[in-house]
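Each remark here refers to the structure printed beneath this line.
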Ligand SMILES: [Mo]
Ligand SMILES: [Mo]
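Residue numbers (our numbering), protein chains in the order written: chain S, 1 to 403; chain D, 1001 to 1403.
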């Protein structure tokens, strides 16, 4: 299908991959687009062609035959340890390390920014509710590659962060960069991958071909695509995106008062959920007698979604939705190990149409295994960059009376 | 001081320790009492005499000279592994294992239940905002003791939970019991202790003398006091408190429909904060010109509190409070390792009295390192047992005009 098409090359350095026409485009250059909401909950695994695409810079044109991933152990100059550098080809990554597969949801920090923007203006791409997707990722374990590069337990004395540099760059030659805590990268339970496959096929160009680091439970921005370099360091990435972006601030912080150093870089994301069906403004016919409500729910840090409450009266009364963690039905479902619930849950609820009203305000809110809940309203979590928009999601639906 | 007093023995089996008269008693038998709020934020470490006391059963009278802690590796009958039992005296625990000290906040699942009860009736002790405290705990690492009892990596194939049994029991001989996930108990980073000291002194009778398991970041109910037995198992504790209590339910669940199996046992607690000063209903004098607001903030699972927002206009506008993570002032403060922020932060904010009003509704809300926020209101998180009450905390204060 669409994926088989040859990506269009736009000069030797960049690619313009073919993109599915159904995607909702937020920006063309660089390409940023999301899934139509109703497609998002059609399958537990988001097909790669529909998976949201969030590119900070043009898609680099990388030759897999000559591609090298650099891994550097950047010991402090005053340490006795020498530096260490390992260079791996794509074949090395595929053949020298066991292949692992992890199903993980990735969400953009800006998912649902449009809800926040509606409440009060923010700066950023105007994402709807679908800058999130769930895929199966396969590749070498980041942990295995770090150990092969010479990382030892002794290094945990100074090593605090693992930095990632992309091969995508701006006109000045600045590459995309980010970092994650060392503990997440090196832990057996962290399940971080250097992925070369997405949903059982070669990683698409828009998703980081040939290698993307997948950091389950962690904001999309740290799942660096077109990965060129890994650095084990005492320091966080010094990149713009780590230091001066992708941070959460108080609603009282504005562009004149913002102090980037005062907030931690976003890593694990908070509990989130949204309604995909019906759409806001939809009309249902009274003769249908009932309405089926669908959506997704997910939490960062490997915390499992344990419940989704749905209201059709604006949050006055609630019903419990049915959760799905596969397409197989309840029998095929297994509970992930504690702290390693990387994948979302889809949910569904069918309710009779209320008799005493022509309007329904449908609301959803999710609960994770640490019993964190979503905030009720947006303004108290508003922040100038419009990230972390996880207040209750609401859609308004009208009931069309029979003639 | 108070602690030096001999506990009063009430028969050979039970003790009635002397208790500080300032404690606010919620129940006498068993004894349940909390700290006066204004005392809670007077010191970063809560003195043991003021620390909330939550006893499910009478305080057992344990002779430290004959005390034994049993540790059992309960391999499934179909496994090749034999069973393993280790018995340790108090001297063994003190002398055969390195002593570790961890500063950890412990919070009752029912903290702030009274706020929830006010919104709609719940069943349980009517805790105010002070069923929480922060202490320094010293003892053997649970991990070290499990390894000494013969636990090996191989056992992780079947072992899922670590159960704790208290020596406190009801008239029918049923002992208090609870369990935690194995991963939390065995992980180097879990920092679970078999504590024999609280704040540098012998563990007081009300806090579990001679041994209490301290499970940092986890609800009080799993921090079992008067510990008699540890069982490594494939199963959760079968106790009432693990299976049919200390679980969170939907606001739509009532006593007729509750299905205990449908919700996970509470382990990590969600983000929490409360205002200790001024008290609800307090009156401040206009001539004072400003008001200092104080409180605490804490999150479970080792997630660090990164910000506290405070409003004096009911949540319309917010200011950022100053955080303290010691009594030493900013210079003496160090950041805990990621995922191991076990201790609360105290916070403070001084604001001018607003000129245009005689009433202030003061509100606080905290943010943790996963950017989880507190829910705005109580009714949508209401649950029949009144646990997990972590909506924004509010106090109303009146400004007394000058004559
Ligand atoms: Mo993002
Ligand atoms: Mo509790």
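No residue lacks a Cβ here, since even glycine has one placed at the ideal position from N, Cα and C. Small disclaimer: the values here were computed from a predicted structure and weren't measured.
Around the Cβ of residue 1077 (chain D), a 10 Å sphere holds fewer than 16 other Cβ atoms; the residue is exposed. Taking all protein chains shown into account, residue 1363 (chain D) has 16 or more neighbouring C-beta atoms within 10 Å of its C-beta and is therefore buried. According to DSSP, residue pairing for residue 231 (chain S) in a beta bridge involves S:72 and S:163.
The Cβ atoms of residue 297 (chain S) and residue 273 (chain S) sit closer than 8 Å to each other.
Against chain D, the beta carbon of residue 378 (chain S) has no neighbour under 7 Å; the closest one sits roughly 10 Å away. Under the three-state reduction of DSSP output, residue 1100 (chain D) falls in the strand class. The DSSP assignment places complete beta strand (DSSP E) segments of no fewer than 3 residues inside the stretch 74-152 of chain S at 84-89, 100-107 and 132-141, in order along the chain.
Closer than 8 Å to the CB of residue 1306 (chain D) there is at least one CB belonging to chain S.
A straight line joining the alpha-carbon of residue 1308 (chain D) with that of residue 402 (chain S) spans about 52 Å. Under DSSP, residue 361 (chain S) takes part in a beta bridge, and its partners are S:313 and S:396. The Cβ neighbour count for residue 1400 (chain D), taken over all protein chains shown within 10 Å, is under 16; the residue is labelled exposed.
The alpha-carbon of residue 188 (chain S) is positioned some 10 Å away from that of residue 142 (chain S). Cβ-Cβ distances below 6 Å link residue 1111 (chain D) to 1127, 1131 and 1132 in the same chain, with the five nearest sequence neighbours on each side left out; the list follows chain order. Near chain D, meaning a CB-to-CB distance below 7 Å, no residue of the stretch 285-299 of chain S qualifies. Against chain S, a Cβ distance below 8 Å from residue 1365 (chain D) picks out 380.
For a Cβ distance threshold of 8 Å, residue set 371 of chain S lies close to residue 1388 (chain D), ordered along the chain. Across the stretch 1253-1285 of chain D, CB contacts with chain S closer than 9 Å involve 1253, 1262, 1263, 1264, 1266, 1267, 1268, 1269, 1270 and 1271, in sequence order along the chain. With a threshold of 16 other beta carbon atoms within 10 Å, residue 1238 (chain D) falls short and is exposed. Of the candidates S:268, S:16 and S:398, S:16 places its Cα closest to the Cα of residue 205 (chain S).
When the five nearest sequence neighbours on each side are left out, the beta carbons in the same chain lying within less than 8 Å of the beta carbon of residue 1241 (chain D) are those of 1056, 1176, 1177, 1178 and 1221, in order along the chain. Within its own chain, the residues whose Cβ lies closer than 6 Å to the Cβ of residue 1229 (chain D), once the five positions on either side in sequence are excluded, are 1070 and 1165, listed in chain order.
Here residue 1277 (chain D) has 1038 and 1294 as same chain residues with Cβ atoms under 6 Å from its own Cβ, once five neighbours each way along the sequence are excluded.
A direct Cα-to-Cα measurement between residue 108 (chain S) and residue 1097 (chain D) gives close to 46 Å.
Residue 1066 (chain D) and residue 1265 (chain D) have their alpha carbons spaced roughly 33 Å apart. Counting only Cβ-Cβ distances below 8 Å, residue 1183 (chain D) has contacts in chain S at 189, 337, 338 and 339, in chain order.
The stretch 1385-1400 of chain D and the stretch 1351-1365 of chain D touch, with three or more beta-carbon pairs separated by less than 8 Å. For residue 1197 (chain D) and residue 1216 (chain D), the gap between their C-alpha atoms comes out near 15 Å.
Residue state for residue 275 (chain S) is assigned as strand, using DSSP reduced to three classes. At least 8 Å separates the beta-carbon of residue 1140 (chain D) from that of residue 1162 (chain D). Boundaries of the alpha helix (DSSP H) harbouring residue 1241 (chain D): 1240-1243, taken from the DSSP string. Across the structure, residue 284 (chain S) and residue 351 (chain S) are spaced so that their CA atoms are roughly 13 Å apart.
By the neighbour-count criterion, in which a residue is buried when 16 or more other Cβ atoms sit within 10 angstroms of its Cβ, residue 1231 (chain D) is buried.
When 7 Å is used as the limit between beta carbons, residue 25 (chain S) is near no residue of chain D, the shortest such separation being about 28 Å. Of all residues in the stretch 310-331 of chain S, those with a C-beta nearer than 8 Å to a C-beta of chain D are 315, 317, 318, 319 and 320, reading in chain order.
Look at residue 1039 (chain D) here: in three-state DSSP terms it is helix. In the assembly as shown, residue 25 (chain S) is an exposed residue. Its beta-carbon has fewer than 16 other beta-carbons within 10 Å.
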